[in-house]
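Peer 1: Throughout the sequence shown, residue numbering follows the UniProt record's numbering, covering 1 to 157 in sequence.
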Amino acid sequence: MASPEPWNATRAAGIVAELQSLEGATLPILHALQETFGYVDAQAVPMIADALNLSRAEVHGCLTFYHDFRREPPAGRHHVKLCRAEACQAMGSDRLHGEILSRMGCDWHGTSADGVTVEPVYCLGLCANGPAALVDDEPLARLSAESLDAALKEARA
1 MASPEPWNAT
11 RAAGIVAELQ
21 SLEGATLPIL
31 HALQETFGYV
41 DAQAVPMIAD
51 ALNLSRAEVH
61 GCLTFYHDFR
71 REPPAGRHHV
81 KLCRAEACQA
91 MGSDRLHGEI
101 LSRMGCDWHG
111 TSADGVTVEP
121 VYCLGLCANG
131 PAALVDDEPL
141 ARLSAESLDA
151 ALKEARA
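#1: When the Cα atoms are used, what is the spatial distance from V16 to Y122?
#2: Check for me: the alpha helix (DSSP H) holding H60 runs from which residue to which?
#3: Note down the Cα distance separating G14 from L30, rounded to an integer number of angstroms.
#4: Looking at T36: is its Cβ nearer than 8 Å to the Cβ of E5?
#5: Which class does P139 belong to by DSSP, given the choice of helix, strand or coil?
#6: Starting from E119, trace the beta strand (DSSP E) in both directions and tell me its first and last residue.
#7: Does DSSP put H79 in a helix, in a strand, or in coil?
#8: Given M1, which residues of its chain have a CB within under 7 Å of its CB, disregarding the five upstream and five downstream residues?
The structure is reproduced here in structure tokens:
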């Protein structure tokens, strides 16, 4: 995962302009902004609304409906997203998440002392291989505390 750039309105406007002609451009624009800056800054909402002839409320609604979009810069150098959907719960994820959070010394949306931000997500599409996680956007199936430790060790290398 490449380090995000600092927020830059001119760069963001260029991304919006580049993608605004796509069919259903809102999501591709939001994804591109998040990929570039690590989050979608509030300044992007009116920019996107103007470019796509949408209301600011429509863009804000899209941004806040999808839990994967961040509205503030990420705190940690690495990001772990733990699936909390029903299929993963059926495979014991609640207990596992408690153990992981305890080991990391933080809570949901928190950042560990060594720079790992932990966020809940609701379905990663790995339901047959749960519990599941994303480590710096790389999927991790049949998650255990040990496999997460190994994936983080590899991400840090």
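No residue lacks a Cβ here, since even glycine has one placed at the ideal position from N, Cα and C. Since we're looking at a predicted model, the values are computed, not measured.
Peer 2: So, from the listed chains and residues:
#1: 28 Å
#2: R56 to F65
#3: 13 Å
#4: yes
#5: strand
#6: V116 to V121
#7: strand
#8: In this prediction, M1 has a pLDDT of 49, which is less than 50 and means its spatial position is unreliable; what the coordinates show is noted afterwards. Cβ neighbours of M1 beyond the five flanking positions: D136 and D137.
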